[in-house]
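So the sequence shown is residues 47 to 350, counted in this note's numbering.
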Amino acid sequence: MAPKTQATSAGGRWSSIKHLDADASDSVDLEELKKCPVPKLPTKGEKRLNVLYKNLPEESLYLDFYYPPGVPKGDLPVVVFTHGGGWGAGSKEGAAQGSHKELFLKVLDEGFCVAAVNYRLVGMYENSYVPECVIDCKDAVRFLAKNAEDFGINPKKFYSIGNSAGGHLSMMLLLSPRDEQLGAPELADAEYEMVAGVSWYGWANQELEELFIKPNKENDQPLRNNHSRICRPGLTPAERKDIIHEMSPSSWLTKESPPLFMLHGTEDTTIIPKHAYWMKDLAQKRGADVEILIVDGAGHGWGN
Numbered sequence: 047m048a049p050k051t052q053a054t055s056a057g058g059r060w061s062s063i064k065h066l067d068a069d070a071s072d073s074v075d076l077e078e079l080k081k082c083p084v085p086k087l088p089t090k091g092e093k094r095l096n097v098l099y100k101n102l103p104e105e106s107l108y109l110d111f112y113y114p115p116g117v118p119k120g121d122l123p124v125v126v127f128t129h130g131g132g133w134g135a136g137s138k139e140g141a142a143q144g145s146h147k148e149l150f151l152k153v154l155d156e157g158f159c160v161a162a163v164n165y166r167l168v169g170m171y172e173n174s175y176v177p178e179c180v181i182d183c184k185d186a187v188r189f190l191a192k193n194a195e196d197f198g199i200n201p202k203k204f205y206s207i208g209n210s211a212g213g214h215l216s217m218m219l220l221l222s223p224r225d226e227q228l229g230a231p232e233l234a235d236a237e238y239e240m241v242a243g244v245s246w247y248g249w250a251n252q253e254l255e256e257l258f259i260k261p262n263k264e265n266d267q268p269l270r271n272n273h274s275r276i277c278r279p280g281l282t283p284a285e286r287k288d289i290i291h292e293m294s295p296s297s298w299l300t301k302e303s304p305p306l307f308m309l310h311g312t313e314d315t316t317i318i319p320k321h322a323y324w325m326k327d328l329a330q331k332r333g334a335d336v337e338i339l340i341v342d343g344a345g346h347g348w349g350n
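1. What would DSSP say about Leu269, mapped onto helix, strand or coil?
2. Quick check for students: name the residue ranges of the beta strand (DSSP E) that lie wholly in the region 134-220, counting only runs of 3 or more.
3. Can you find the residues in the same chain that come closer than 6 angstroms, C-beta to C-beta, to Ala23, ignoring five residues on each side of it along the sequence?
4. Quick check on Ser294: does DSSP put it in helix, strand or coil?
5. Can you list, in chain order, the residues of its chain with a C-beta nearer than 6 angstroms to that of Lys202? Leave out the 5 residues immediately preceding and following it.
6. Around the Cβ of Ser145, are there at least 16 other Cβ atoms within 10 angstroms (buried) or fewer (exposed)?
7. Within the continuous alpha helix (DSSP H) that includes Leu102, where are the two ends?
8. Considering only residues of the same chain and omitting the five flanking positions on each side of Lys184, which have a CB-CB separation below 6 angstroms?
9. Around the C-beta of Lys320, are 16 or more other C-beta atoms found within 10 angstroms, so that it is buried, or is it exposed?
10. Under 6 angstroms Cβ to Cβ from Gly212, same chain only, skipping five residues before and after it: list those, please.
11. If you draw a straight line from the alpha carbon of Ala250 to that of Ser222, how long is it in whole angstroms?
12. Looking at the structure shown, is Glu337 part of a helix, part of a strand, or coil, going by DSSP?
13. So the candidates are Glu313, Asp155, Gly134, Asp67; which of them puts its Cα closest to the Cα of Lys260?
14. Give the single residue among Gly347, Lys301, Leu306 whose Cα lies nearest to the Cα of Ile32.
15. Check whether the Cβ atoms of Val124 and Val153 lie closer than 7 angstroms to each other.
16. Pick out whichever of Leu190, Arg286, Thr316 has its Cα sitting closest to the Cα of Gly248.
17. Answer with buried or exposed for Asp110, where buried requires no fewer than 16 other C-beta atoms within 10 angstroms of its C-beta.
18. My output table needs one value for Ser245: the three-state DSSP class, helix, strand or coil.
19. Output needed for Arg188: all residues of its chain with C-beta closer than 6 angstroms, excluding positions within five of it in sequence on either side, in chain order.
20. Check whether the Cβ atoms of Asp6 and Pro305 lie closer than 7 angstroms to each other.
21. Does Arg332 come out as helix, strand or coil in the three-state DSSP assignment?
22. Residues in the same chain with beta-carbon distance under 8 angstroms from Lys119, minus the five sequence neighbours each way, listed in chain order, please.
23. Among all the DSSP beta bridges, which residues are the ones paired with Tyr108?
24. What does DSSP give as the partner residue(s) for Leu128 in the beta ladder?
25. Using only CA atoms, which one of Val160, Ala70, Asp288, Tyr171 lies nearest to Leu87?
26. What's the gap between the Cα of Gly134 and the Cα of Ser73?
27. Could you give the distance in angstroms between the alpha-carbon of Gly243 and the alpha-carbon of Gly280?
28. Identify, in the order they occur along the chain, each residue of the same chain with its Cβ nearer than 8 angstroms to the Cβ of Asp155, setting aside the five sequence neighbours on each side.
29. Nearest-angstrom Cα distance between Gly311 and Val341?
30. Got a sec? Which residues, its chain only, sit under 6 angstroms from Asn96 by beta carbon, not counting five neighbours each side?
31. So who's on the other strand from Phe258, going by DSSP bridges?
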């Protein structure tokens, strides 16, 4: 019998592959997979798809790597894309879909490489929470840095970009030091530098309740919901507080931080634009370089 991916075992990735379930069996087998091309950026540059960057007992993690057309290897800068999906859905293939595709084609045309990263999704495994998402994304950068010569890239020229939960991960990549959130031991000594980063409507802080109160929805409790995705059960109140603080990009913002650009829409009720305003104010107090762009009338998911 051909192997299948079951809806119940695919977790958040099921939403991105269920259209392949031609016989409505709540599973996707190998024959169904063969009939659907994998989304990839239609660039004329070299592509290295499904590069294994870390092996875990529960999952092998891959990234897609795209080269700018006509640019020699050796000193290439890299833009790392962390997809959105509430940390519990989505995949690296999001880089090749929607308006992301147009964005990254322009990035490639400007001479940058693009690395689109898969990470463990919250809820897919028993011990998979937001800290694991951060660790995986940082390990992807560490992997590229340790293999910089093979990829023909400059490990001192990393940039980050992400949307929604991926915006949060982009900020964590940018702002938290490279020796924090360590994962695979063989990657721990990687040396790299983040130059700048972009967050599309990402969470800047996970601690302040005021940043999660939505207009006209005072009874909503998204802050509590985020904490359940950040913290595994059984932690003490002090441990929960420490992890939530660690998973807040704002905790790592200093005057030495690389520049951050945040985009948000005025009508976003999923992650309210107060996150961008608040981060800008915090940056001014700390002497950090944070710029924001608030788009009138835009909700959540624009730019996808």
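Note that the Cβ used here is the ideal one computed from N, Cα and C, for glycine as well.
By the coordinates alone:
1. Note on Leu269: pLDDT 47, under 50, position unreliable in the model; the coordinate value appears next. The three-state secondary structure of Leu269, taken from DSSP, is helix.
2. 159-163, 199-209
3. Examination of residue 23 is not possible in this model, given that the chain is present from 47 through 350 alone.
4. coil
5. Glu239
6. exposed
7. Looking at the DSSP string, Leu102 is not in any alpha helix (DSSP H), and its letter there is neither H nor E.
8. Gln227
9. Counting Cβ neighbours within 10 Å, Lys320 comes out buried, since at least 16 surround it.
10. Thr128, His129, Gly130
11. 13 angstroms
12. strand
13. Measuring from the Cα of Lys260, the nearest candidate turns out to be Glu313.
14. Because the chain spans 47 through 350 in this model, residue 32 falls outside it and cannot be assessed.
15. Taking the C-beta atoms as reference points, Val153 is found no nearer than 7 angstroms to Val124.
16. Thr316
17. Per the 10 Å Cβ criterion, buried.
18. In the structure shown, Ser245 adopts extended strand secondary structure according to DSSP, grouped into three states.
19. Leu233, Ala236
20. Since the first residue of the chain shown is 47 and the last is 350, residue 6 is not available in this structure.
21. helix
22. Tyr113, Phe197, Gly198, Ile199
23. Leu98
24. Rather than Leu, the amino acid found at residue 128 in this sequence is Thr. Its beta-bridge partners are Val163, Gly208.
25. Val160
26. If you draw a straight line from the Cα of Gly134 to the Cα of Ser73, it comes to about 19 angstroms.
27. 34 angstroms
28. Excluding five sequence positions before and after Asp155, the CB atoms of its chain that fall closer than 8 angstroms to its own CB belong to Pro114, Pro115, given in chain order.
29. 5 angstroms
30. For Asn96, where only same-chain residues beyond five positions count, the Cβ hits under 6 angstroms are Tyr108.
31. Paired residues: none, contrary to the question.
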